[in-house]
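Colleague:
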Amino acid sequence: MHDLVHDLAHSIAGDEFISLEHGRLPRHLAQIRHSSVVCDSELHTIPESLYEAKKLRTLNLLFPRGNLGEVPPSLFSSFRYLRSLNLRGSGIKRLHNSFSSLISLRYLNISNTLIETLPESIGDLDYLQVLNLAYCYGLIELPMSLARLTNLRHLMINGCDKLSHLPDCIGNLIQLQTLPTFIVGTGNHQGLKQLQFLPLVGELNIRQLENANSRFDSRLANLRMKPKLRLLGLSWRNDHDDLITINNNDSTLDEELLENLQPHQNLKRLSIEGYPGKYFPRWIGTPELPNLTNIVLISCKRCEHLPALGQLPFLKTIYMLGMPNVKNIGSGFYGRVSGRQFQSLQELSFIDFPNLEFWWSMNIKEEFPSLVKLTINKCPKLKNMPCFPSLKHLELRNCNEMILRSAANLSTLLNLLIDVFTGHLVILDSLIGNNPHLMSLTISSCTNLCSVSSKLGGLIALKSLTIRWCEELISLPQEIQNLSSLESLEIIECHSLINLPEGLGGLTSLRSLSIENCNNITYLPMGLQYLTSLEHLTLMYCPSLASLPANFRNLSTLRSLYILNCPELTCLPEELQYVTTLQNLDIHSCPAIKDLPAWIRSLSSLTSLVISDCCNIISLPEGLQHLINLQHLSIRECPTLENRCKKYTGEDWPKVSHIPHIYIGSTEPRQHDGASSSSR
Numbered sequence: 039m040h041d042l043v044h045d046l047a048h049s050i051a052g053d054e055f056i057s058l059e060h061g062r063l064p065r066h067l068a069q070i071r072h073s074s075v076v077c078d079s080e081l082h083t084i085p086e087s088l089y090e091a092k093k094l095r096t097l098n099l100l101f102p103r104g105n106l107g108e109v110p111p112s113l114f115s116s117f118r119y120l121r122s123l124n125l126r127g128s129g130i131k132r133l134h135n136s137f138s139s140l141i142s143l144r145y146l147n148i149s150n151t152l153i154e155t156l157p158e159s160i161g162d163l164d165y166l167q168v169l170n171l172a173y174c175y176g177l178i179e180l181p182m183s184l185a186r187l188t189n190l191r192h193l194m195i196n197g198c199d200k201l202s203h204l205p206d207c208i209g210n211l212i213q214l215q216t217l218p219t220f221i222v223g224t225g226n227h228q229g230l231k232q233l234q235f236l237p238l239v240g241e242l243n244i245r246q247l248e249n250a251n252s253r254f255d256s257r258l259a260n261l262r263m264k265p266k267l268r269l270l271g272l273s274w275r276n277d278h279d280d281l282i283t284i285n286n287n288d289s290t291l292d293e294e295l296l297e298n299l300q301p302h303q304n305l306k307r308l309s310i311e312g313y314p315g316k317y318f319p320r321w322i323g324t325p326e327l328p329n330l331t332n333i334v335l336i337s338c339k340r341c342e343h344l345p346a347l348g349q350l351p352f353l354k355t356i357y358m359l360g361m362p363n364v365k366n367i368g369s370g371f372y373g374r375v376s377g378r379q380f381q382s383l384q385e386l387s388f389i390d391f392p393n394l395e396f397w398w399s400m401n402i403k404e405e406f407p408s409l410v411k412l413t414i415n416k417c418p419k420l421k422n423m424p425c426f427p428s429l430k431h432l433e434l435r436n437c438n439e440m441i442l443r444s445a446a447n448l449s450t451l452l453n454l455l456i457d458v459f460t461g462h463l464v465i466l467d468s469l470i471g472n473n474p475h476l477m478s479l480t481i482s483s484c485t486n487l488c489s490v491s492s493k494l495g496g497l498i499a500l501k502s503l504t505i506r507w508c509e510e511l512i513s514l515p516q517e518i519q520n521l522s523s524l525e526s527l528e529i530i531e532c533h534s535l536i537n538l539p540e541g542l543g544g545l546t547s548l549r550s551l552s553i554e555n556c557n558n559i560t561y562l563p564m565g566l567q568y569l570t571s572l573e574h575l576t577l578m579y580c581p582s583l584a585s586l587p588a589n590f591r592n593l594s595t596l597r598s599l600y601i602l603n604c605p606e607l608t609c610l611p612e613e614l615q616y617v618t619t620l621q622n623l624d625i626h627s628c629p630a631i632k633d634l635p636a637w638i639r640s641l642s643s644l645t646s647l648v649i650s651d652c653c654n655i656i657s658l659p660e661g662l663q664h665l666i667n668l669q670h671l672s673i674r675e676c677p678t679l680e681n682r683c684k685k686y687t688g689e690d691w692p693k694v695s696h697i698p699h700i701y702i703g704s705t706e707p708r709q710h711d712g713a714s715s716s717s718r
């Protein structure tokens, strides 16, 4: 789309537009009005010939490596008619005072640069309407002369984390519509009242609210009279709540402050972070914000009760994190206990509620009728949750095992993740059995899980199964063979697992199989030969694995084989030569493998071959030169083999010289002369 717009603009501008790369400029630039110049890594300044374009109106200077350093003063004096200047990502550290020569400038973009301050002369740019300073991480202050930019409509300072305050004059810019970030300072004229007359549109994030020291000041912010605001973020410094606790200060000031910052009812997204009050204002719930769709509450550490959100008709997402004083989710969270509660809510997250014990439920179908995703993380005392009639995605992490009893009543799940449970998870059988339509199942860090329920075999729609960091898992059920829709299987760090079931061969749709960090697996089942849809096979850190099944011939769709740190593995299976679909073969840290077989020449589709830390492979087989599709060869930490593959002089060099990209003992590729080579 960007290219299409670029081409359209070019066609409209005709001969008045020029786009150039790598500093190559044509002659006769006098009539050019609009120019984009890409300066490559070898060019650290602006091409001299560009200064001939005295009538330039638009200039985009693109420095992909961010290496401009400083804009030469001659640029400002040469382009007095310039209206748009884009130096985004150029790496400039400062602007010269002569910058004020650009008296016609309307648009200035110096975002993503190293600039720390702006010259006071920026106030002379009477016509400037857009000033983009976003993500200038080193910017420490803005000049007072901004007060003179009476035509400024858009000031982007989001991502300028070192800015500690805004100039006193910001409230005088009464045409300012875009101000994504407002920083409350400590001065008398750096407070919230600066927002009073600004006709703000879109997004506003107010930072450092701990500096707001006047209830009257916050009322003057006048957020309720800004109907075009759609996103509002309110944040206090992370340690402000701790200071209140240490000093035993009353939090009512912050509570009144938040009460006075009530936005217009058109607001759609609200974020509150670090709020040190105990209670939320009533305006957060209905009917004050009927159009709210998203709410985020982070680190509101002193709050004891959640705001009443159940009656907000369009609320789709609730994300809450870090509220240690909340012990119960009571009826107050639902608001008026009648009608449909949370009728539009689709995603709900409770994260880091260490003292949450009970979740009150209305026990009616109208409760959370649209919820499709629920995340509960770090809630170790919570033992119950309501029933969700439409829930599709459930994530339970670092929770009490008892919560699985409530989850077992669910029957509509498509995705289930169970992570960091210390019990034996007996109730997991019911949860799996009651959700036959599951498509994705992840069981992670369940340290006492010894086996997986045979009911796993009933998940005929399952496409992805991941089991990782389950130290006590001894076996997988034979019923796994019934998972005819399974496409991805990952078994990771299950050190007590000795073997995989022969029923693995029933996974006729399996495309990806990964066995990683399983210390006691000594062999793979013979049923592996029946995985006729398998495309990717990964074997990593299996120190007891001594051999691979001989019958690889039937893996007719295998495209990649990755073997890492299997020290007992002595050779590749001979029937692998018949897998002519194989494109990527990686062998790392397998010291018992002594050579590559001669039949490797039969892998006609091979495009990448990687051999690393296999010190006993001392030569390459004849016939590699017949692998005409081989594009990448990497040999590292194989001293003898590296010497034999030295460019021109190595004994095995003729076998590999046809390969375009060769990596020998380093991270830099070597390319032979036929592929525009360069040697080390």
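Offset between the sequence shown (1-based) and this note's numbering: plus 38. The beta-carbon is built from N, C-alpha and C at its ideal position, and this holds for glycine as well.
Would you list, in sequence order, the uninterrupted beta strand (DSSP E) runs of no fewer than 3 residues that lie entirely inside the segment 195–232?
Modeller: 219–221
Colleague: In its own chain, which residues sit with a C-beta less than 7 angstroms from the C-beta of Ser571, not counting the 5 before and 5 after it?
Modeller: Thr546, Ser547, Leu548, Arg549, Thr595
Colleague: Please return the same chain residues whose Cβ sits closer than 8 angstroms to the Cβ of Asp199, not counting the five positions on each side in sequence.
Modeller: Tyr175
Colleague: Please go through the same chain and pick out, in chain order, the residues whose beta-carbon is closer than 7 angstroms to the beta-carbon of Leu166, but skip the five residues on each side of it.
Modeller: Leu143, Arg144, Leu146, Leu187, Asn189, Leu190
Colleague: Between which residues of its own chain and Lys365 is the CB-CB distance below 8 angstroms, once the five residues before and five after are set aside?
Modeller: Glu342, Asn393, Leu394, Glu395, Phe396
Colleague: Buried or exposed: which applies to Val464, given that a residue is buried once 16 or more other Cβ atoms fall within 10 Å of its Cβ?
Modeller: exposed
Colleague: Let me confirm a value: Arg374 is counted as buried when at least 16 other C-beta atoms fall within 10 Å, else exposed. Which label applies?
Modeller: exposed
Colleague: Please name the residue or residues paired with His699 in a DSSP beta bridge.
Modeller: The partner list for His699 (beta bridge, DSSP) reads His670.
Colleague: Thinking C-alpha only, which one of Thr355, Leu299, Leu296, Leu272 is nearest Glu311?
Modeller: Closest option to Glu311, Cα to Cα, is Leu272.
Colleague: Using DSSP with H/G/I as helix, E/B as strand and the rest coil, what is Glu509?
Modeller: coil
Colleague: Assign Arg320 to buried or exposed, taking buried as 16 or more other Cβ atoms, counted over all protein chains shown, within 10 Å of its Cβ.
Modeller: exposed
Colleague: For Thr331 and Leu593, I'd like the C-alpha separation in whole angstroms.
Modeller: 49 angstroms
Colleague: Using the Cα positions of Asp162 and Ala91, report the straight-line distance between them to the nearest angstrom.
Modeller: 24 angstroms
Colleague: Using the rule of at least 16 other Cβ atoms within 10 Å of the residue's Cβ for burial, across every protein chain shown, is Ile148 buried or exposed?
Modeller: buried
Colleague: Got a sec, what are the start and stop residues for the alpha helix (DSSP H) Arg245 sits in?
Modeller: Here Arg245 belongs to no alpha helix (DSSP H); instead the beta strand (DSSP E) covers 240–245.
Colleague: Closer than 6 angstroms by C-beta to Arg718: which residues in its own chain qualify, once you throw out the five before and the five after it? Chain order, please.
Modeller: With a pLDDT of 31 at Arg718, under the threshold of 50, the modelled position of this residue cannot be trusted; read the value that follows with caution. Hits under 6 angstroms: none found.
Colleague: Starting from the C-beta of Asn276, find all residues in its chain whose C-beta is less than 8 angstroms away, skip the five residues before and the five after it, and write them out in chain order.
Modeller: Gly312, Ser337
Colleague: What whole-angstrom Cβ distance do Leu679 and Ile649 have, given they're in contact under 8 angstroms?
Modeller: 7 angstroms
Colleague: If I follow the unbroken beta strand (DSSP E) through Ser478, where does it start and stop?
Modeller: 478–484
Colleague: Could you tell me the alpha carbon to alpha carbon distance between Ile284 and Pro85, rounded to whole angstroms?
Modeller: Note that Ile284 scores 47 on pLDDT, short of 50, meaning its location in the model is unreliable; the coordinates nonetheless yield the value given after this. Rounded to the nearest angstrom, the two C-alpha atoms are 59 angstroms apart.
Colleague: With DSSP as the reference, label Asp292 as helix, strand or coil.
Modeller: helix
Colleague: What did DSSP end up calling Val694 once you bin it into helix, strand or coil?
Modeller: helix
Colleague: Please state whether the Cβ-Cβ distance between Leu269 and Lys316 is less than 8 angstroms.
Modeller: Judged by their CB atoms, Leu269 and Lys316 are not nearer to each other than the 8 angstroms cut-off.
Colleague: For Ala185, which residues in the same chain have their Cβ closer than 6 angstroms to its Cβ, ignoring the five residues on either side in sequence?
Modeller: Cys207, Asn210
Colleague: Could you tell me which residues DSSP pairs with His192 in its beta bridges?
Modeller: Val168, Thr216
Colleague: Which whole-angstrom value describes the C-beta separation of Leu383 and Leu409, a residue pair presumed to lie in contact below a C-beta threshold of 8 angstroms?
Modeller: 5 angstroms
Colleague: For Ser136, I'd like the list of residues in its chain whose CB is within less than 7 angstroms of its CB, leaving aside the five on either flank, ordered along the chain.
Modeller: Pro111, Phe114, Ser115
Colleague: Can you list, in chain order, the residues of its chain whose CB lies under 6 angstroms from that of Leu623, leaving out five sequence neighbours each side?
Modeller: Leu599, Leu647
Colleague: Could you check what DSSP says for Gln519 in three-state terms: helix, strand or coil?
Modeller: helix
Colleague: Tell me, please, which residues DSSP counts as bridged to Met578.
Modeller: Glu554, Leu602
Colleague: Answer with buried or exposed for Ile237, where buried requires no fewer than 16 other C-beta atoms within 10 angstroms of its C-beta.
Modeller: Residue 237 is actually Pro in this sequence, not Ile. Classification for Pro237: exposed.
Colleague: Report the rounded CA-to-CA distance for Pro605 versus Thr618, giving the unit in angstroms.
Modeller: 26 angstroms
Colleague: Which same chain residues end up closer than 7 angstroms to Gly348 when comparing Cβ atoms and leaving out the 5 residues on each side of it in sequence?
Modeller: The residues are Phe371, Tyr372, Gly373, Gln379, Phe380.
Colleague: Indicate the three-state DSSP secondary structure (helix, strand or coil) for Leu469 in the structure shown.
Modeller: In this structure, Leu469 counts as helix in the three-state DSSP scheme.
Colleague: So the alpha helix (DSSP H) Ile441 belongs to, where does it begin and stop?
Modeller: 441–445
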